[in-house]
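Going by the UniProt record's numbering, the residue at position 129 of the sequence shown is 129; the numbering climbs one at a time, nothing skipped.
Cβ atoms here follow ideal geometry from the backbone N, Cα and C, with glycine treated the same way.
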Amino acid sequence: MTNNTDGDLLLKNINAQAPFPICFTDLEKAVAEKIETGPFGYIRSGAGGEQTLHNNRAAFEKYSIIPRFLHDVSNIDTSIELFGKTHPTPFLFAPVGMNRMAHDEGELAVVRAAEQLKIPYIQSTVSSYALEDVAQAAPAATKWFQLYWSTNEDIAYSMADRAEAAGFEAIVLTVDTVMLGWREEDVRNQFSPLKLGYARGNYMNDPVFTASLPDNSFESYVQGVLQNVFHPTLNWENVRELKRRSNLPILLKGILHPEDAELAIENNIDGIIVSNHGGRQLDGVIASLDALPAIVKTVNGRIPVILDSGVYRGMDALKALALGADAVAIGRPFVYGLALNGQQGVEKVMTNLYDELKVSIALAGATSVKGLRNITIVKKDGVDDQ
Ligand SMILES: Cc1cc2nc3c(=O)[nH]c(=O)nc-3n(C[C@H](O)[C@H](O)[C@H](O)COP(=O)(O)O)c2cc1C
Ligand SMILES: O=C(O)C(=O)c1ccccc1
């Protein structure tokens, strides 16, 4: 339960010693000025003509809330429950690879922020630091491991086992990246973080991966990652086998079709993340927010539904939660916070998202995350979408 009588949560930002960008647009601008063009373009951009990157934002802007007043909103409960554990906010850190592109402390800084804020952290397979080091940096944080399947599937099982041994509490299998999206900005900038070795964290110390290399040169390692990280053979049988082998809850990330959500449930999957990878994979796919209502309807509360892609302010989180998401995951905003000011920058960005969400829940006339499902949300054309 969070007491909301502090009234003006914005004041923290106005009294701040060091001014910090208050919204996503300002953040992005500041980071563009701070880091090199290659890494910035890699983080910012979407695939193809960036239609989906744009649609992710446009989808949030189509919705409006019709608020209710004259209910006591002095106490706002922002907590949620996932897999039997209560979390104080409905946010998660989306898995983002290769964080050393943004800051030298990379994932270590982010997981420390996650621990501090009690926000679950999803570590990427292609992280700059090894999962064991991340676990050690923030033992009290709730940590999940995002798995990229591997062409040599023993590498995938090895990483999943290591994650379980290191105290990660769920496996998030990403299903939308069987090959890399068509990312033109990286061609313009002639930039490939994989080739530069930013993704080495979990591979360099994986016994199955290293045993598969012809020698221990940098070139062999890069080739080994490229050969394994993209995995076009991935199919439902792999999902079933992963589920059989693991003791952890398994989530599928990248689901956009209600029939895939249904198949996930039929295959005993424990949760899904409705996502289009922040518009970085197939350009022209539906905005995740637009995919959400049909999936929520199909899933009907049987497993948690988390949404990411384009959640850039507290009000976006509110809309996704009102449309039935159980939680939202944040990608680029925290990476920009990291680039600007390490752990503190991540904390600042996530705190502003959270504070805006709290204010917005109260001003909409609700008092809890679950209560948001009962507020009136309409699409721009005025048609009730619930
Ligand atoms: C630089 C970058 C790297 C990413 N790396 C991964 C990854 O390793 N695994 C994964 O499942 N998703 C990855 N994602 C996608 C995020 O998990 C998430 O789906 C996306 O960023 C959400 O959209 P948003 O950035 O609009 O919040 C990456 C995203 C970015 C921006
Ligand atoms: O950049 C990404 O979005 C991403 O998910 C990824 C996938 C494979 C290798 C490196 C990054």
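| Check: R162 C-beta below 6 Å from any heavy atom of ligand 2 | As a working note, residue 162 is residue 162 in the sequence shown. False, no ligand heavy atom lies under 6 Å from that Cβ.
| Mind checking whether the beta-carbon of P232 lies closer than 6 Å to any heavy atom of ligand 1? | Counting from 1 along the sequence shown, the entry for residue 232 is found at position 232. False, no ligand heavy atom lies under 6 Å from that Cβ.
| task | Counting only the same chain and skipping the five closest in sequence on each side, list residues whose C-beta sits under 7 Å from that of N202. | result | Residue 202 sits at position 202 when you count from the first residue of the sequence shown. Once the five neighbours on either side are set aside, the close Cβ partners of N202 are T125, S127, A130, L131, M159.
| Which term fits T86, buried or exposed, when burial requires 16 or more other beta carbons within 10 angstroms of its beta carbon? | Residue 86 sits at position 86 when you count from the first residue of the sequence shown. Classification of T86: exposed, given that the 10 Å Cβ count is below 16.
| said: Taking 7 Å as the threshold (C-beta atoms), are V328 and L307 in contact? | reply: On the sequence shown, position 307 is the one that residue 307 refers to. On the sequence shown, position 328 is the one that residue 328 refers to. Yes, these two residues count as a Cβ contact at 7 Å.
| field | First through last residue of the beta strand (DSSP E) which encompasses I250 | value | Along the sequence shown, read from residue 1 onward, the residue named residue 250 stands at position 250. That run of the beta strand (DSSP E) goes 250-255.
| task | Could you round the C-beta distance between V175 and L194 to whole angstroms and report it? I think they count as a contact, below 8 Å. | result | Against the sequence shown, residue 175 aligns to sequence position 175. Against the sequence shown, residue 194 aligns to sequence position 194. With a Cβ gap of about 20 Å, V175 and L194 do not count as contacting.
| task | Can you tell me the Cβ-Cβ gap for D270 and I250, rounded? I've got them flagged as a contact below 8 Å. | result | The residue labelled residue 270 in the question sits at position 270 within the sequence shown. The residue labelled residue 250 in the question sits at position 250 within the sequence shown. Going by Cβ atoms, the distance from D270 to I250 rounds to 6 Å, so yes, they are a contact pair.
| request: Compare the C-alpha of A364 against each of H71, P120, D260, A47 and name the closest. | output: Working through the sequence shown from its first residue, we reach residue 364 at position 364. Ranking the options by Cα distance to A364, first place goes to H71.
| message | Below 6 Å, is the gap between the Cβ of T52 and the nearest heavy atom of ligand 2? | response | Here residue 52 corresponds to residue number 52 of the sequence shown, with the count starting at 1. Because no heavy atom of ligand 2 lies under 6 Å away, the Cβ of T52 does not count as near it: no.
| Can P333 and V346 be called in contact, C-beta distance under 7 Å? | Position 333 of the sequence shown, counted from the start, is the residue given in the question as residue 333. Position 346 of the sequence shown, counted from the start, is the residue given in the question as residue 346. No, these two residues do not count as a Cβ contact at 7 Å.
| Under 7 Å, do A32 and F40 count as touching if we go by C-beta distance? | To locate residue 32, count along the sequence shown from 1; it is residue 32. To locate residue 40, count along the sequence shown from 1; it is residue 40. Yes; because the gap between Cβ atoms is below 7 Å, this pair is in contact.
| message | In the DSSP output, what is S128 paired with across the bridge? | response | Taking the first residue of the sequence shown as 1, we reach residue 128 at position 128. Its beta-bridge partners do not exist; DSSP assigns none.
| query | Would you call the segment 209-228 and the segment 134-141 in contact, with 3 or more CB pairs under 8 Å? | reply | no
| said: Between Q123 and E105, how many whole angstroms is the CB-CB distance? I'm expecting something under 8 Å. | reply: Residue 123 sits at position 123 when you count from the first residue of the sequence shown. Residue 105 sits at position 105 when you count from the first residue of the sequence shown. The Cβ separation is near 14 Å, so there is no contact.
| Is W236 helix, strand or coil by DSSP? | Counting from one through the sequence shown, the residue named residue 236 turns up at place 236. Three-state result, W236: helix.
| field | Option nearest P90 by Cα separation, candidates A261, G314, R188 | value | Counting from 1 along the sequence shown, the entry for residue 90 is found at position 90. Nearest of A261, G314, R188 to P90, Cα basis: G314.
| field | Best match in I375, T78, D316 for proximity to F60 [C-alpha to C-alpha] | value | Mapped onto the sequence shown, residue 60 falls at position 60. Closest by alpha carbon: D316.
| Ordered along the chain, which non-local residues of its own chain (more than five positions away) have a Cβ less than 8 Å from that of P151? | Locating residue 151 in the sequence shown gives position 151, where the first residue counts as 1. Pro is not the amino acid found at residue 151; the sequence shown has Thr there. Contacts found: Q227, N228, F230, H231, T233.
| query | CB A47 to CB D215, shorter than 7 Å? | reply | Taking the sequence shown and counting its residues from 1, the one referred to as residue 47 is at position 47. Taking the sequence shown and counting its residues from 1, the one referred to as residue 215 is at position 215. No, these two residues do not count as a Cβ contact at 7 Å.
| query | To the nearest angstrom, how far is it from the Cα of Q386 to the Cα of D26? | reply | For this step, residue 386 is matched to residue 386 along the sequence shown. For this step, residue 26 is matched to residue 26 along the sequence shown. Unreliable positioning characterises Q386 in this predicted model, as indicated by a pLDDT of 47, which lies under 50. The coordinate reading is nonetheless provided below. If I take the Cα positions, the gap works out to 33 Å.
| message | With H, G and I counted as helix, E and B as strand and the rest as coil, what does DSSP make of K118? | response | Numbered from its first residue, the sequence shown carries residue 118 at position 118. Here K118 sits in coil by DSSP.
| query | Beta carbon of G97: closer than 6 Å to some heavy atom of ligand 2? | reply | For the purposes of this step, residue 97 is taken as the residue at position 97 of the sequence shown. Yes, the beta carbon of G97 sits closer than 6 Å to at least one heavy atom of ligand 2.
| request: Quick one: give me the first and last residue of the alpha helix (DSSP H) that G97 is part of. | output: Start at 1 with the first residue of the sequence shown, and residue 97 comes out as number 97. It is not in any alpha helix (DSSP H) - G97 carries neither H nor E in the DSSP assignment.
| field | Closest Cα partner of residue 458 within the set V311, R57, L321 | value | With the chain running from 1 to 386 in the structure shown, residue 458 is simply not present.
| For R68 and P120, the rounded distance between their alpha carbons | Position 120 of the sequence shown, counting from 1, holds the residue named residue 120. Position 68 of the sequence shown, counting from 1, holds the residue named residue 68. Rounded to the nearest angstrom, the two C-alpha atoms are 31 Å apart.
| Bridge partners of L307, per DSSP? | Counting from 1 along the sequence shown, the entry for residue 307 is found at position 307. Looking at the DSSP assignment, L307 forms a beta bridge with V274, V328.
| field | Separation of L252 from V299, as counted between CA atoms | value | To locate residue 299, count along the sequence shown from 1; it is residue 299. To locate residue 252, count along the sequence shown from 1; it is residue 252. Taking the straight line from one Cα to the other gives about 13 Å.
| CB contact check: L53 to chain B, cutoff 7 Å | Checking the listed chains, one finds no chain B in this structure; it contains a single protein chain.
| Between V296, G197, D161, N75, which lies nearest to P207 when the distance is taken from Cα to Cα? | The residue labelled residue 207 in the question sits at position 207 within the sequence shown. Minimum Cα distance to P207 is reached at D161.
| Candidates N189, P304, A325, V274: closest to S45 by CA position | Against the sequence shown, residue 45 aligns to sequence position 45. Out of N189, P304, A325, V274, N189 has the C-alpha closest to the C-alpha of S45.
| task | Tell me where the alpha helix (DSSP H) around I171 begins and ends. | result | To locate residue 171, count along the sequence shown from 1; it is residue 171. That residue, I171, is in no alpha helix (DSSP H); its beta strand (DSSP E) goes 171-174.
| query | Rounded to whole angstroms, how far is the Cβ of I303 from the Cβ of I265, which I believe are closer than 8 Å? | reply | Here residue 303 refers to the residue found at position 303 when the sequence shown is read from its first residue. Here residue 265 refers to the residue found at position 265 when the sequence shown is read from its first residue. Contact holds; Cβ gap of about 6 Å.
| T174: CB within 6 Å of a non-hydrogen atom of ligand 1 | Position 174 of the sequence shown, counting from 1, holds the residue named residue 174. The answer is yes for T174.
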